[in-house]
Amino acid sequence: MALKPVYYFFGTDDYLMEDAFEKIKKEALTGGFASMNYHVYEGKTLDAGEVVSTASTMPAFAEWRLIVVKGADSIKAAQEKNLIGYVKDPSPTTCLVFLSSSSKADRNSAFIKALEEKGFLKACNRLGEGELLRWIREDAARQGKKIAPSAAAKLLETTGNRLRDVKGELDKIVLFVGDKAEIDDKDVEESGLDCREESIFNLSDAIGKKDVKAAFRVYEKISGEEPIKVMGAVSRQVRTLLKIKSFLRKGEPASKLPSLVGLFPKHADDYVRRSRLFTERELIEAISKLAKADTDFKTGRLPGPVVLPRLIMELCGKG
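The sequence shown maps to residues 54 to 372 in this note's numbering.
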C-alpha cells in the first residue's frame, strides 16, 4: 500500500473509516519505535502550529510518522487556515490523517478545497443496498467463501445497512459453516447468530404495548435461541428506536432516517411506528435493563432460562 502524506476521511459509516485508517496505521507504524512516531489530536482543541511542527519533524528510526486528528469537523476555522500551507506542501515522511463524522465536506472551505486539489479527500458514507451486496460477496471471497445472492440478501434483511453489523454477522456465519465452500440461505437461517427480524419486531411491539402475554408468546418461539443473541438483537432495536425518537424530536424529516440511523428505506415506516410506542425515557431505561441482564447472564448471576423471561417482565413494566 502506497501511503499519501495526507488523508481527510469524512462520512457516516464508522466501519469504513476505521477500516481505512487501520490499514494506514498498519503500513505506517512498523518496527520497534511505533509509539515514538504516533500522535493523536482532537479537532475541537487542535493547535495547528503544533500539528505542523510535529508533522515537519523526521520520524524516529522509521520511514513514517503518523498523526491522526479525530473529530476533524470540529477544527476551528482559524486553525484550518493555518493548516492550508502544510496541506499544499506536506512532509514526505509524515502521514497526517483527519477523521470527520460529517456526511459531507464543506467545499466552500479553503482548507477542504486545498485537500481536494491534492486528492486527499475520501468519502466514507454508508453503502447502498447494491453496494452492500457486492461488499458481502467480496468479503466472503476474501475469507475463502462464496455466498449465494439470496443468502446475501437474507443477511442484509437481518442486519440492516450498517456495515459494521454486516461484517460482524458475516464473520460469524463463516465460522459457523466451517469447511463448507458456499454459504446458502439455510446457513444464514440456521447459524444461530441473530434472531429473526420479524420475531424481534413482534417482541418490541408487545413490550411497547406493555402486553406481557403477547411478549411471552413471541418468547416461546425464540426461547431456543441463545439469550445473549436475543438480548443483542433487542438492544440493537431499542437503540435504533431511541435514535429515531431523538432525530424526530429535533425536527429531522422521516425521509432522512434511513441514512441517519442505518435502515433500508422500506423498513423506515415500521421503525417510526414502533418508536411511537415508547417514550425516550422508556427506551433509555430499557437500555439500562438490557445492560444489567447482559451482565447477570455473563457473570452467571442468573441462568439463561431465567434472565430472558425476567427481562421481558421488566421491559413490560411488570418486574
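By construction, the Cβ of each residue, glycine as well, lies at the ideal position given by its N, Cα and C atoms.
Buried or exposed (CB count within 10 angstroms, at least 16 for buried), residue i
| i | result |
| --- | --- |
| S155 | exposed |
| Q196 | exposed |
| K207 | buried |
| M54 | exposed |
| V93 | exposed |
| V359 | exposed |
| E191 | exposed |
| T147 | buried |
| F62 | buried |
| R329 | exposed |
| T293 | buried |
| A307 | exposed |
| F331 | buried |
| G213 | buried |
| A131 | exposed |
| E133 | buried |
| R118 | buried |
C-alpha distance - residue i paired with residue j, whole-angstrom precision
| i | j | result |
| --- | --- | --- |
| Y60 | S299 | 32 Å |
| A267 | R187 | 39 Å |
| G261 | T211 | 21 Å |
| N20 | L136 | Any property of residue 20 remains undetermined from this structure, which presents the chain solely from 54 to 372. |
| K78 | I253 | 39 Å |
| D323 | K233 | 36 Å |
| G353 | A339 | 21 Å |
| L246 | G183 | Per-residue confidence for L246 stands at a pLDDT of 48, beneath the threshold of 50, marking its modelled position as unreliable; the derived number appears in the next sentence. Their Cα atoms are separated by approximately 23 Å. |
| D126 | D347 | 35 Å |
| G84 | K76 | 16 Å |
| A205 | I189 | 7 Å |
| S341 | D218 | 21 Å |
| L313 | F114 | 44 Å |
| D237 | A201 | 5 Å |
| K274 | L301 | 33 Å |
| P318 | E333 | 23 Å |
| F96 | F269 | Before going on, a small fix: residue 96 reads as Gly here, not Phe. One C-alpha to the other measures close to 48 Å. |
| G221 | R215 | 10 Å |
| A73 | K199 | 24 Å |
| F151 | K123 | 6 Å |
Under the three-state DSSP convention, the category residue i falls into
| i | result |
| --- | --- |
| L180 | coil |
| S153 | strand |
| T107 | helix |
| F350 | helix |
| K262 | coil |
| L364 | helix |
| F331 | coil |
| A113 | coil |
| A344 | helix |
| A193 | helix |
| A55 | coil |
| L256 | helix |
Residue range of the beta strand (DSSP E) that includes residue i
| i | result |
| --- | --- |
| I120 | 118 to 123 |
| E95 | 91 to 95 |
Opposing strand residues paired with residue i [DSSP bridges]
| i | result |
| --- | --- |
| L174 | Y61 |
| I200 | I236 |
| C148 | L119 |
Residue range of the unbroken alpha helix (DSSP H) whose run includes residue i
| i | result |
| --- | --- |
| R270 | 265 to 275 |
| G285 | 280 to 302 |
| L228 | 216 to 230 |
| R327 | 318 to 328 |
| E133 | 130 to 141 |
| M70 | 67 to 81 |
| P311 | 310 to 314 |
Cutoff 8 Å: residue i Cβ touching any chain D Cβ
| i | result |
| --- | --- |
| T147 | In the structure shown, chain D cannot be found, because there is only a single protein chain. |
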